[in-house]
Amino acid sequence: MTALVEVSDLSVRFVTREATVHAVNGVSFSVRPGEVLCILGESGSGKSVTLRAMMRLLPPRRTRIDGTIRIDGQDVLALDKRRLRELRGGLVSMIFQEPMTALDPVYTIGTQITETVMRHKGNGRSAARARALELLELVKIPEAERRLANYPHELSGGLRQRAMIAMALSCGPRLLLADEPTTALDATVQIQVLILLRRLQRELGMGTIFVTHDLGVASEIADRIAVMYAGRIVEEGPVADVLRAPMHPYTQGLLASTVHGQSRDGEIEAIPGSPPDMRRLPSGCAFAPRCIHAQPACRTTMPEPRWPSPDRMARCVRIDDAALVAAE
Amino acid sequence: MSDARDVGGPAQPLLIARDLAKHFQVRGGGRSAHVRAVDGVSFTLFKGETLGIVGESGCGKSTLARLLLHLVQRDAGELIFDGEPVGAPHGITVAGLRRHVQMVFQDSYSSLNPRMPVQDSVAFGPFVHGRSKPDARRVARDMLVKVGLNPDLFGPRYPHELSGGQKQRVNIARALAIEPRMVILDEAVSALDKSVEAQVLNLLRALKQQFNLTYLFISHDLNVVRYVSDRVLVMYLGRVVELGPSEAIFTRPQHPYTRALLGSRPSMDPRHRIEEPPITGDPPSPIDPPSGCRFHTRCPFAEAVCAERAPELGEWRERASHVAACHMLEPGSGHSRTVQ
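Top to bottom, those sequences are chains A and B. With the first letter of the first sequence counted as 1, position 218 gets the number 218 in our numbering; the numbers rise by one all the way through. With the first letter of the second sequence counted as 1, position 262 gets the number 590 in our numbering; the numbers rise by one all the way through.
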């Protein structure tokens with residue numbers, strides 16, 4: 001199957017007078033139609049910047065983007081303004097962590113969805129209104145008819161998030177970009193929204209890129225997982241395999257340091273140190289200063305992607321060894 | 329271990345809260361209403377334990393923490409610190425209480441003075457509490473070492489020059505600098521990345537032993553609470569719904585809300601995903617909360633009695649007691665599923 005999304009060697013730098021922030025440093029991945037790729041990373045790892053670059057939402061004056069982003073065959077970085085408007089909300093939709101800032105506070109939910117449908121689909125107002133109602137029912141908002149007339153502030157956090165999802169789905173996107181959409185929600189609401197998103201994604205066959213810092217969330221929704229550290233994908237593979245047998249020392253450390261069912265008698269295995277300053281990235285592997293397995297070679301050059309099996313990738317010098325052992 | 333500050337001996341609870349209540353007035357739509365943030369909360373905190381408090385946003389867990397330190401004034405109820413009533417004529421003063429109880433907040437940046445080198449922030453407490461300036465500075469250096477920060481390297485820095493994990497270490501150092509007996513950790517690790525969170529949890533664990541501390545650990549992360557706590561208190565809309573030893577709560581939850589909360593945790597196993605959410609809807613607003621049992625609007629087992637009458641938290645006798653406020657657990661409550 002041809003890929004829906006193909007990103008190759010994407011780099012994003014933010015240039016200011018004082019410093020250059022190297023937010024994304026050579027990221028490549030692809031997403032097939034109907035597939036969910038989770039980009040997992042901690043704050044500052046470049047996961048959200050990658051997502052925003054795909055929609056060209058980063059401020060153009062201060063941002064330098066290199067590499068290529070192809071969505072459904074279109075070269076996103078080369079699109080003119082008019083084409084870009086058609087792409088956003090039409091072919092590609094995005095949902096955010098904080099619906100209160102993503103929705104317009106001075107228009108009702110119904111008006112916002114209706115307008116989006118009219119703009120992209122060319123429907124008349126009443127047809128678009130009917131579609132809006134249908135969408136609110138699709139995302140399981142109770143008393144949908146009445147909720148159309150609500151302003152965002154009149155909805156609870158969970159309902160707001162559902163309304164934003166409804167708006168994102170309004171024009172039948174083939175690709176959904178989700179930037180931590182469940183992070184700000186309470187536990188009992190988060191699982192409802194996750195299950196809803198998983199169901200909708202399957203029913204509508206949308207390719208999805210889901211950015212999160214939460215291993216648990218990734219385990220609930222991802223088909224494949226890409227782990228980012230300091231602006232690079234350090235490991236990628238099917239979600240069950242990566243969580244069961246992580247290969248990169250960072251992924252291993254992240255799994256060990258995530259509290260879930262550890263014995264209370266012992267300490268948690270923490271990763272020492274803290275993530276690097278993105279203004280002054282170390283040469284070589286950015287994780288080397290925190291890595292217990294670091295060798296002198298790690299500090300000079302960033303290891304190239306290695307593929308121990310066709311669907312797994314990791315950027316670590318030790319992976320070759322593992323593959324050799326397996327071959328013997 | 330003997331502690332000169334220990335008044336009532338190890339068996340006497342360090343802190344007793346009885347029927348604490350705090351209602352905030354809100355204005356809207358021409359009439360005034362009340363947010364019943366904390367509405368009759370009682371619990372006992374024993375010396376040397378960690379009591380975890382869990383609940384979703386709006387359940388009142390942070391207001392409760394602030395009530396304990398008198399950062400907000402309670403409307404009703406009683407606080408007893410090591411046998412002495414707080415703020416009562418013959419009891420301990422609020423200032424006296426704060427010498428023994430310190431707090432670490434979620435936002436590590438806004439809880440430090442941005443214009444002060446962090447070593448001065450740490451030294452400020454001991455200085456205010458009567459140490460001389462050089463003495464307070466020495467204490468600050470010691471504390472920075474104890475939280476794993478090199479005082480020569482990090483002490484002169486300003487908060488914006490530190491990472492989130494380092495700032496939270498400074499906040500812990502500051503809380504411990506006046507040698508408190510109890511520390512309230514209000515979502516203290518929630519804003520940190522997982523790899524850093526683990527470091528800080530290990531640090532808190534080591535410091536608790538070293539300084540003979542008692543922790544009140546507030547968090548929305550159930551997995552972290554389970555790891556940290558000896559006992560757990562579950563709150564819903566300003567009330568305690570369940571209280572018991574950590575293992576009992578996590579392995580044999582009694583209250584339907586606790587079960588839903590635990591069942592909402594992601595599986596961490598892609599082959600065994602959660603197929604159905606345990607409960608639907610959002611938590612209701614604490615303004616005009618539901619009548620009777622506040623959970624009845626979302627509870628799969630709710631019956632008429634649940635809307636009429638608030639269930640009592642079962643009788644609490646000792647440290648190992650496991651109690652829950654639910655009509656199904658109360659013989660003769662009128663609920664059809666009541667255990668006999």
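Where is the CB? At the ideal position from N, CA and C, for every residue including glycine. Given the structure is predicted, the values throughout are model-derived calculations rather than measurements.
Shown here, V450 of chain B sits in a helix according to DSSP, grouped into three states. Counting the other Cβ atoms within 10 Å of the Cβ of T300 of chain A gives fewer than 16, which makes it exposed. A residue is called buried once 16 or more other Cβ atoms fall within 10 Å of its Cβ, and I577 of chain B is buried on that count.
For D521 of chain B, the neighbours in chain A by C-beta distance under 8 Å run, in chain order, E42, S43, H213, P275.
Within its own chain, the residues whose Cβ lies closer than 8 Å to the Cβ of Q262 of chain A, once the five positions on either side in sequence are excluded, are I268, listed in chain order. With 16 or more neighbouring CB atoms inside 10 Å of its own CB, Q527 of chain B falls in the buried class.
In the DSSP assignment, F578 of chain B falls within the unbroken alpha helix (DSSP H) covering 574 to 579. DSSP places H22 of chain A inside the beta strand (DSSP E), whose first and last residues are 20 to 31. Chain A places no beta carbon closer than 9 Å to that of N441 of chain B, leaving this residue out of the contacts.
DSSP assignment within the region 114 to 146 of chain A yields the following whole alpha helix (DSSP H) runs of 4 residues or more, N-terminal first: 125 to 138. As summarised for the region 31 to 62 of chain A, the continuous beta strand (DSSP E) elements at least 3 residues long and confined to that stretch are 36 to 40, given in chain order. Just measuring C-alpha positions, the residue of B:S439, B:L520, B:K350 sitting nearest H398 of chain B is B:K350.
When CB distances to chain A are screened at a threshold of 9 Å, the residues of the region 470 to 498 of chain B falling below it are S491, G492, G493, Q494, in chain order. Identification of residues in the region 520 to 551 of chain B having a C-beta nearer than 8 Å to some C-beta of chain A yields D521, K522, S523, V524, E525, A526, Q527, L529, N530, R533, H548, D549, L550, N551, given in sequence order. One thing to note: S11 of chain A has its Cβ within 9 Å of the Cβ of V24 of chain A.
With a minimum length of 4 residues, the unbroken runs of alpha helix (DSSP H) contained wholly in the region 193 to 275 of chain A fall at 215 to 221, 239 to 244, 249 to 257.
At a cut-off of 9 Å between beta-carbon atoms, M596 of chain B makes contact with chain A. Residue state for K375 of chain B is assigned as coil, using DSSP reduced to three classes. The C-beta separation of S518 of chain B from Q434 of chain B comes to about 5 Å, placing the pair in contact by the 8 Å criterion. Look at S93 of chain A here: in three-state DSSP terms it is strand. Taking a Cβ-Cβ threshold of 8 Å, the residues of chain A close to L589 of chain B are A187, T188, in chain order. Interface criterion not met: the Cβ of D616 of chain B is under 9 Å from no Cβ in chain A.
Under the Cβ distance rule, E134 of chain A does not count among the residues neighbouring chain B, no pair being separated by less than 9 Å. Under the 9 Å criterion on CB atoms, T608 of chain B is classed as interfacial with respect to chain A.
For Q161 of chain A, the number of other beta carbons within 10 angstroms of its own is at least 16, and it is reported as buried. With respect to K47 of chain A, H248 of chain A sits apart: the two C-beta atoms are not nearer than 9 Å. 9 Å or more divides the Cβ of S274 of chain A from the Cβ of A168 of chain A. Under DSSP, Y543 of chain B forms a beta bridge with B:T378, B:V511. Residues of chain B whose Cβ lies closer than 8 Å to the Cβ of G216 of chain A are, in chain order, R593, P594, S595, M596. Bridge partners of V12 of chain A according to DSSP: A:V24, A:I65.
For the region 376 to 388 of chain B, the residues whose beta carbon sits under 8 Å from a beta carbon of chain A are, in order, E384, S385. Residue pairing by DSSP places V633 of chain B in no beta bridge whatsoever. Ranked by Cα distance from C627 of chain B, the options A:C291, A:T188, A:I225 are led by A:T188. At least one CB atom of chain B sits nearer than 9 Å to the CB of I268 of chain A.
Rounded to the nearest whole angstrom, the CA to CA distance from Y229 of chain A to R426 of chain B is 41 Å. Straight through space, the alpha carbons of I39 of chain A and S45 of chain A are spaced by roughly 10 Å.
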